[in-house]
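Engineer: Okay, here's the structure, questions in a sec.
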Amino acid sequence: MQKNFFYVTEMPNLHPHLNTKRSSRANFKRLNVNFSPDPMFTSRLLRKRWVLAVIFACSFIYFIVRLLRPEEKGWLTDEYEVKHTLLRQPFQWQPNIGDDENGTKVLKCRNSIQGIQIIADDRGYVCERSAILTGGCCDASVPQTSRYNCNSCQENHCCVIYEYCVSCCLHPDKQQILKNILKQPINTYSQLFSSLKDHYELCLMKCRTSSQSVQHENSYRNPQAKHCYGENPPDIQPLIP
């Protein structure tokens, strides 16, 4: 008896695009499964955002505080620098020079130099140029020499003669006036004040004529008493027509 054999052969894929679509759908389903939201992951992400928000808020507050408090290191303003330089540096209110003129010791003084007839030294003496000793000090033994002389100075602390202004300014009683000037808010002279070392240098600078002594940019407020060591500028004098 003859046996019949049947051979099963694989039929060719007449529609390959159908298999591609099926695999794409399967992959898409797997992707949907893989990218499903994880509660743990979402919680961690939210916590990280809160941390970043807190860090940003703290940084912003820190910046505002530093901006409003310029005295902190690294945020110093010019006004702070000038004001505190005066407090930090040594400031000698009374000249550290004695009055020993017995001939055994040569005194050395600074003086105003510029005066044609009279000179003021850093001890507060005013004398004629002929009475200046070798060390630059006024000879206190000369009758015409005087100390803390406020001659030609008015009640508003303005003087007619520069040397008398310096001598009067060096009087111990005038220290409080000068201290009040150093405590004033920032002004055009603050940078100059910060470079001064003692009472004498301060008086030299204050008694010089400045823009405070001028009115209308071309005339003195008081043509006579224009050398001032006080807090206020000279009184304004009426203009002569």
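Numbered by the UniProt record's numbering, the letters in the sequence shown go through residues 1 to 241 in order.
Glycine is no exception: its CB is placed at the ideal position from the N, C-alpha and C atoms.
#1: Roughly how far, in whole angstroms, is the beta-carbon of residue 303 from the beta-carbon of C207, given that I think they are within contact range, below 8 Å?
#2: Who does Y125 pair with in a DSSP beta bridge?
#3: Return the first residue and the last residue of the alpha helix (DSSP H) that I177 is part of.
#4: Got a sec? Which residues, its chain only, sit under 7 Å from C150 by beta carbon, not counting five neighbours each side?
#5: With DSSP as the reference, label A120 as helix, strand or coil.
#6: Pick helix, strand or coil for C109, following the three-state DSSP scheme.
#7: In the DSSP assignment, find the unbroken alpha helix (DSSP H) run with V142 in it and report its ends.
#8: With DSSP as the reference, label H199 as helix, strand or coil.
#9: Quick check on this structure: which residue in G135, L202, Q144, A57 has the alpha carbon closest to the alpha carbon of V126?
#10: Does the structure place the stretch 131-142 close enough to the stretch 105-123 that three or more beta carbon pairs sit under 8 Å?
#11: Measure from the alpha carbon of L202 to the alpha carbon of each residue in K108, S152, Q92, A225, then state which is nearest.
Structural biologist: Taking the geometry as given:
#1: With the chain represented from 1 up to 241, any question about residue 303 goes unanswered, as that position is not in the structure.
#2: As DSSP reads the structure, Y125 sits in a beta bridge with R147.
#3: Run containing I177: 175-182, per the alpha helix (DSSP H) assignment.
#4: Contacts found: Y164, C168.
#5: Here DSSP, grouped into helix, strand and coil, assigns A120 to strand.
#6: Of the three classes helix, strand and coil, the one that applies to C109 here is coil, per DSSP.
#7: Looking at the DSSP string, V142 is not in any alpha helix (DSSP H), and its letter there is neither H nor E.
#8: Residue state, collapsed to three classes: helix.
#9: V126 has its Cα closest to that of Q144, out of G135, L202, Q144, A57.
#10: Look at the beta carbons and you see the stretch 105-123 touching the stretch 131-142: at least three pairs across the two are nearer than 8 Å.
#11: Between L202 and the set K108, S152, Q92, A225, the nearest pair of CA atoms involves Q92.
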